[in-house]
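In the working numbering, the protein residues as written are 32 to 401. Glycine included, each C-beta is placed from N, C-alpha and C at the ideal position. Keep in mind the model is a prediction, meaning the values are calculated, not measured.
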């Protein structure tokens, strides 16, 4: 180290803080959260959505299965078996196609409607109503190979890989254990009625789907909390960022203090400019000074045009003496006017008598001076 610098110590953290390189350790401010939401940056669990849709779809399918079977039986008996193949003309084929579409709609619409409402509800519960075109805007980093490589080996990618492996293992184990417990039923299908076979298979599939759906819901809830944690981490701010945001929203404190100082100075100069035009200055005599002005044809009562305490009171008296404005010592009246009447306000009615006596003295003094 240079010997000339040996006696000096530098706190490099101060320079780092001024440059805004502090660590992001502070929770996000409401403004930062609102800006992120407007950009479409919200957190939600896609696994939870898929799990709820699977569970709702399974329950609705099983609940409507008897209706589906009876509808298909009625359709087959009415339009296929009873009519016979000899009546399959082109006109009948077109009619039958329309009936097939209607039957499929009746069978699928309850399931599709229930899953759509479930997806809409679970998404709204997680995110609320958000509309933003920001995620659709093109971003160069999305096609940057280096950025894509970083995303592949990021912590988020590893977590997603771990979730996928866990889901495969758990779902596989559920399917294996469920089929294993009912494996002895499969040889009996040879001698069973087709409807009974369909019923048993549907019960087995419903059991599988329900178990898988419940497990995926649990995984989705855990994923939801993880997404919330990751979202909060991504929104964290440094102390420097919070200060900069405060300056942008509220204004620089030093600048605001300077503006207030300028405003006070301007108000002081404007108040002092009224002293030479006044009729009387009522003093304490050292701590307070209240300046009154009264124009008979214009004002209903005397007006307080200036007032001050200590240093300001001394300044008012100096200006009044310089411009030969009459000063009257009346400590009780000076204190009362100072604390109860604002600058630019008229003297209240209960103080008319005391002020009138002072003004009468002033007018007599001016008359004698002439």
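The segment 68-85 and the segment 240-255 touch, with no fewer than 3 CB-CB distances between them shorter than 8 Å. Between residue 372 and the set 316, 189, 337, the nearest pair of CA atoms involves 337. In the structure shown, residue 376 falls within a coil segment according to DSSP collapsed to helix, strand and coil. Leaving aside the five residues that flank residue 333 on each side, the residues in its chain whose CB is nearer than 8 Å to its CB run, in chain order, 310, 323, 324, 325, 377, 378, 386, 390. Residue environment for residue 108: exposed (fewer than 16 other C-beta atoms within 10 angstroms of its C-beta). Under the three-state reduction of DSSP output, residue 360 falls in the strand class. CA-to-CA, the gap between residue 393 and residue 297 works out to about 30 Å.
Assigned with DSSP and collapsed to three states, residue 321 falls in strand. Per DSSP, residue 352 is not a residue of any beta strand (DSSP E); the alpha helix (DSSP H) it occupies stretches across 342-353. By the CB criterion at 7 Å, residue 243 and residue 202 fall inside the cutoff. Counting C-beta atoms within 10 angstroms of its own C-beta, residue 339 has 16 or more neighbours from the protein chains shown and is therefore classed as buried. For residue 74 and residue 237, the gap between their C-alpha atoms comes out near 31 Å. Residue 308 and residue 370 have their C-alpha atoms spaced approximately 22 Å apart.
Taking 7 Å as the cut-off, the beta carbon of residue 91 is found no closer than this to the beta carbon of residue 149. For residue 258, the closest C-alpha among the options 303, 104, 187 is that of 187. Contact check between the segment 51-68 and the segment 216-225: fewer than three CB pairs, one atom from each, fall below 8 Å, which does not count as touching. DSSP places residue 312 in the uninterrupted beta strand (DSSP E) bounded by 311-314. Closest by C-alpha distance to residue 306, out of 269, 128, 356, 343, is 356. Inter-segment contact for the segment 220-231 and the segment 263-272 is absent: fewer than three beta-carbon pairs are separated by less than 8 Å. Our two residues, residue 88 and residue 231, have alpha carbons roughly 19 Å apart in a direct line.
Excluding residues up to 5 positions away in sequence, nothing lies with its Cβ nearer than 6 Å to the Cβ of residue 317 in the same chain. Here residue 335 is bridged, per DSSP, to 323. A straight line joining the alpha-carbon of residue 137 with that of residue 234 spans about 22 Å.
Here the alpha carbon of residue 247 sits roughly 41 Å from the alpha carbon of residue 127.
Contact between residue 134 and residue 106 holds: their C-beta atoms lie close to 5 Å from each other, under 8 Å.
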